[in-house]
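In my numbering, the protein residues as written are 76 to 370.
Ideal Cβ positions, reconstructed from N, Cα and C, are used throughout, including at glycine.
As the structure is a computational prediction, the values presented were derived from the model and not from experiment.
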Amino acid sequence: MAIWLTKESKVIVQGMTGSEGSKHTRRMLAAGTSVVGGVNPRKAGTTVDFDGTELPVFASVADAMRETGADVTVIFVPPQFTKGAVVEAIDAGIPLAVVITEGVPVHDTASFWAYNVAKGEQTRIIGPNCPGIASPGAANAGIIPADITGTGRIGLVSKSGTLTYQMMYELRDIGFSTCVGIGGDPIIGTTHIDALAAFEADPDTDAIVMIGEIGGDAEERAADFIKDNVTKPVVGYIAGFTAPPGKTMGHAGAIISGSAGTAEAKQQALEAVGVKVGKTPTETARLMRELMSGR
76 MAIWLTKESK
86 VIVQGMTGSE
96 GSKHTRRMLA
106 AGTSVVGGVN
116 PRKAGTTVDF
126 DGTELPVFAS
136 VADAMRETGA
146 DVTVIFVPPQ
156 FTKGAVVEAI
166 DAGIPLAVVI
176 TEGVPVHDTA
186 SFWAYNVAKG
196 EQTRIIGPNC
206 PGIASPGAAN
216 AGIIPADITG
226 TGRIGLVSKS
236 GTLTYQMMYE
246 LRDIGFSTCV
256 GIGGDPIIGT
266 THIDALAAFE
276 ADPDTDAIVM
286 IGEIGGDAEE
296 RAADFIKDNV
306 TKPVVGYIAG
316 FTAPPGKTMG
326 HAGAIISGSA
336 GTAEAKQQAL
346 EAVGVKVGKT
356 PTETARLMRE
366 LMSGR
């Protein structure tokens with residue numbers, strides 16, 4: 076079992092005919108994902124060959140869902156068109172939209188996030204500026220490498236794409252139920268708390284790795300949630316212990332202001348609720364390995 080993305084998921088790609096969309100559609104297919112089509116209004120009615128797999132191109136997400144039964148969309152469109160693509164997915168009522176695009180204006184993200192809330196949040200949005208979601212051995216929606224880990228019983232939620240990959244590799248022999256890269260922008264659709272709640276409810280997830288970073292208070296809020304709602308063991312890592320105050324480090328949301336948003340404050344909040352926090356990704360993996368060996 077996995078959260079949000081399973082072997083039964085049917086995936087479409089908005090922007091499938093573009094260079095990035097095409098490249099990663101091919102990779103998702105190679106990983107065993109059931110990709111059933113793409114969306115590009117200018118190329119509707121055509122097909123694209125992916126190493127012998129012919130995928131149809133539809134005019135809209137609604138058309139693709141009606142014709143294929145798709146329940147997941149992965150969005151690979153330029154930043155200036157991302158808001159429109161997400162709104163289209165929301166209007167179509169697709170259950171999961173994975174927004175890979177980097178550089179989406181924060182105002183646009185706030186706008187489609189609010190629109191989704193007004194529509195009753197029928198669509199779960201992951202991202203933007205994220206690597207996507209992967210359930211090893213079942214499906215892969217986004218750009219997470221499919222061959223760096225095996226199937227197992229650890230759930231992973233991470234702000235950082237690179238650290239998602241590293242943690243998957245470090246614990247590849249134990250394996251993961253689902254790995255979710257939520258993205259590091261100031262406004263995102265799915266949060267640490269959302270993933271923690273889903274992993275807590277998943278009977279095939281035994282333990283959780285949570286990767287955060289400097290900036291904002293998402294990790295402190297996650298700590299409060301863990302205290303009251305999570306019974307499974309959680310191991311954490313916070314990126315940015317050496318980041319200088321006032322400097323954005325990689326992600327738009329990764330900036331320290333005064334004493335707020337520091338790695339130390341986040342570590343203390345997590346440790347206060349019983350989360351073991353590693354100083355490095357490798358140490359974090361070791362902590363999880365020790366935890367799993369005793370189960």
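Beta-carbon contacts of residue i that lie in its chain and below 8 angstroms, excluding the five residues immediately before and after
{"i": "T355", "result": "Y312"}
{"i": "R361", "result": "G353"}
{"i": "A327", "result": "Low confidence applies to A327: its pLDDT is 49, below 50, so where it sits in the model is not reliable enough to give any reading."}
{"i": "L366", "result": "A282, P308, V310, K351"}
{"i": "F151", "result": "V88, Q89, G90, M91, G93, E95, G96, H99, I175, T176"}
Exposure label - residue i; buried when at least 16 CB within 10 Å
{"i": "A116", "result": "For the record, residue 116 in the displayed sequence is Pro; it is not Ala. When all chains shown are included, P116 counts as exposed."}
{"i": "E163", "result": "buried"}
{"i": "Q342", "result": "buried"}
{"i": "Y240", "result": "buried"}
{"i": "E142", "result": "exposed"}
{"i": "P278", "result": "exposed"}
Terminal residues of the alpha helix (DSSP H) in which residue i lies
{"i": "I301", "result": "293-304"}
{"i": "E142", "result": "136-143"}
{"i": "A276", "result": "267-276"}
{"i": "R364", "result": "356-368"}
{"i": "G96", "result": "94-105"}
Inter-residue spacing [alpha-carbon to alpha-carbon] between residue i and residue j
{"i": "N191", "j": "K158", "result": "11 angstroms"}
{"i": "S97", "j": "V149", "result": "12 angstroms"}
{"i": "A167", "j": "V147", "result": "11 angstroms"}
{"i": "V86", "j": "V173", "result": "10 angstroms"}
{"i": "G195", "j": "P170", "result": "12 angstroms"}
{"i": "V110", "j": "G93", "result": "16 angstroms"}
{"i": "A293", "j": "T266", "result": "8 angstroms"}
{"i": "A139", "j": "D124", "result": "17 angstroms"}
{"i": "R364", "j": "A193", "result": "42 angstroms"}
Proximity test, residue i beta-carbon vs the ligand NAP heavy atom, cut-off 7 angstroms
{"i": "A189", "result": "Here there are no bound small molecules, and the ligand NAP is not part of this structure."}
Start and end residues, beta strand (DSSP E) containing residue i
{"i": "I165", "result": "It is not in any beta strand (DSSP E) - I165 instead sits in the alpha helix (DSSP H) that spans 154-167."}
{"i": "T226", "result": "226-233"}
{"i": "F133", "result": "128-133"}
{"i": "K351", "result": "351-353"}
{"i": "K341", "result": "No beta strand (DSSP E) holds K341; the alpha helix (DSSP H) holding it covers 338-347."}
{"i": "H285", "result": "The sequence shown places Met at residue 285, not His. Its beta strand (DSSP E) spans residues 282-288."}
{"i": "A209", "result": "207-210"}
{"i": "G258", "result": "No beta strand (DSSP E) holds G258; DSSP gives it neither H nor E."}
{"i": "T148", "result": "147-150"}
Cβ neighbours of residue i in the same chain (closer than 7 angstroms, five flanking residues each side left out)
{"i": "T122", "result": "E129, L130, P131, V132"}
{"i": "S84", "result": "S109, D146, V147, A214"}
{"i": "T184", "result": "P203, D260, I262"}
CB contact flag (residue i, residue j, <8 angstroms)
{"i": "G291", "j": "G336", "result": "yes"}
{"i": "V88", "j": "T100", "result": "yes"}
{"i": "I201", "j": "G264", "result": "yes"}
{"i": "I268", "j": "R296", "result": "yes"}
{"i": "F274", "j": "I78", "result": "yes"}
{"i": "V284", "j": "M242", "result": "yes"}
Sequence-distant residues of the same chain with beta carbon closer than 6 angstroms to residue i, five excluded per side
{"i": "A137", "result": "A167"}
{"i": "F251", "result": "P211, T224, G227, I229, L231"}
{"i": "A209", "result": "N215, I219, C254"}
is_contact[residue i, chain B] using C-beta, thresh 8 angstroms
{"i": "E129", "result": "Of the chains in the structure shown, none is chain B; there is only one protein chain."}
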